[in-house]
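Undergrad:
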Amino acid sequence: MRKTIYLFIAVVCLCSCSARKKTTTVSNRDAKRNNSNIQKANKDAIANYRSYNSLEYIDRFKAIAIQEMNQYGIPASITLAQGLFESGAGNSDLAKYANNHFGIKCTSDWTGKSYYKDDDNVNDCFRVYDNPEDSFRDHSAFLKRKNYAKLFELDKNDYEGWAYGLKKAGYATNPKYPQLLINIIVKYNLDQYDRPEGEIAKIKREDRVLSQINDSIGKPVQDTLSKTPPDDKIYTVKQGDTLYNISKRFGITVDDLKALNSMSDNGIKIGQKLVVVK
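The sequence shown runs -21 to -1, 1 to 257 under mature numbering (1 follows the signal peptide of the UniProt record, and there is no 0).
Next comes the structure, spelled out in structure tokens:
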């Protein structure tokens, strides 16, 4: 039977993305030192960074936006439009130095690295990701909060409903935020990546996601990106490896391997750690 979850939450949003914020005040000196360390740690990626135009950004990230849509029901058009808007098509300092494409700030449950930047306040704390794909994954996880629950009852190709719903739920303070997203979607025809779903599929997807949200109420929010699987579930990529031969070695399909590691393509690199056991 379809579950109905009544979650009426009054949200006060003082930042781009609403949630409980860390209240620690960071001095300019500490913020500068921290940011310098982040940039040094990511120096190779930063040195090889290439800027995107909007069409290149869409082509680069459409696959993971579709993947997240199929898993959670967030329209791919919404995810891409938010990424384009929040990251300046991937060219903002946060995207370049912190792999943060959605302007998601540190919250009380965030245990990962931080990057400091003036926003609503001086030295606001933003999340740092190992790669852009983690940012897209965390965007979906971030929305699986009780104040956004009603959005997951919308059709996964209802981008207008999502645009207005995000604003109403407190995602952004800009009163024009819904129209900004809609204009981007229309301009770049992003709704071509959205997919309708049948009634049965919609009910199953709603029940699964809403149950996850409902189960998390009253529990500490877990940082999904900082969880480390046991060593016996991890394989480190070596020279000559491909996803195909790794999948055969561990008795799973390539698609399962990609799903376990939230990969949007078959590209791997030496030293990369892959989850290889379900």
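Note that the Cβ used here is the ideal one computed from N, Cα and C, for glycine as well.
Could you check whether residue 139 and residue 161 sit closer than 8 Å to each other, using their CB atoms as the reference points?
TA: A contact, by the Cβ cut-off of 8 Å.
Undergrad: Going by C-alpha distance, which of 236, 234, 215 is nearest residue 250?
TA: Nearest of 236, 234, 215 to residue 250, Cα basis: 215.
Undergrad: For residue 178, is the classification buried or exposed, using 16 other Cβ atoms within 10 angstroms of its Cβ as the cut-off for buried?
TA: Classification for residue 178: exposed.
Undergrad: Where are the alpha helix (DSSP H) runs, 4 residues long or more, that stay fully inside the region 128 to 177, in chain order?
TA: Runs found: 138 to 148, 156 to 166.
Undergrad: Count the other CB atoms, across all protein chains shown, that sit within 10 Å of the CB of residue 146; report buried if there are 16 or more and exposed otherwise.
TA: Counting Cβ neighbours within 10 Å, residue 146 comes out buried, since at least 16 surround it.
Undergrad: For my contact list, residue 255 and residue 227 are in at a C-beta cut-off of 8 Å; report their separation, rounded to the angstrom.
TA: With 8 Å as the limit, residue 255 and residue 227 do not qualify as a contact, their Cβ atoms being about 11 Å apart.
Undergrad: For residue 136 and residue 169, I'd like the C-alpha separation in whole angstroms.
TA: Whole-angstrom Cα-Cα distance: 11 Å.
Undergrad: Among all the DSSP beta bridges, which residues are the ones paired with residue 213?
TA: 254.
Undergrad: Which residues bound the alpha helix (DSSP H) around residue 56?
TA: That run of the alpha helix (DSSP H) goes 55 to 66.
Undergrad: I'd like to know if the region 219 to 236 and the region 23 to 37 are in contact, where contact means that at least 3 CB-CB pairs between them fall below 8 Å.
TA: At 8 Å Cβ cutoff, the stretches do not touch.
Undergrad: So, with DSSP's three-state summary, where would you put residue 51?
TA: Three-state result, residue 51: helix.
Undergrad: Is it buried or exposed for residue 114, if we count other Cβ within 10 angstroms and need 16 for buried?
TA: Residue 114 comes out buried.
Undergrad: Where does residue 175 land, buried or exposed, given buried means 16+ other C-beta within 10 angstroms?
TA: So residue 175 counts as exposed.
Undergrad: Work out the CA separation of residue 81 and residue 74 for me, nearest whole Å.
TA: Straight-line Cα distance between these residues: approximately 8 Å.
Undergrad: Report all residues from its chain with a CB closer than 7 Å to the CB of residue 68; omit the five preceding and five following residues, and keep chain order.
TA: Contacts found: 31, 32, 33, 36.
Undergrad: Relative to the C-alpha of residue 85, which candidate in 78, 62, 93 has its C-alpha closest?
TA: When each option's Cα is compared against that of residue 85, the closest is 93.
Undergrad: Across which residues does DSSP place residue 105 in a beta bridge pair?
TA: DSSP lists 84, 94 as partners of residue 105.
Undergrad: Rounded to whole angstroms, what's the CA-CA distance from residue 48 to residue 157? Just pull it up for me.
TA: Cα-Cα distance, rounded: 19 Å.
Undergrad: Short of 8 Å in beta carbon distance, which residues of its chain neighbour residue 50, apart from the five on each side in sequence? Order them along the chain.
TA: Excluding residues within five positions, the ones whose Cβ falls inside 8 Å are 119.
Undergrad: Roughly how many whole angstroms lie between the Cα atoms of residue 185 and residue 173?
TA: Rounded to the nearest angstrom, the two C-alpha atoms are 17 Å apart.
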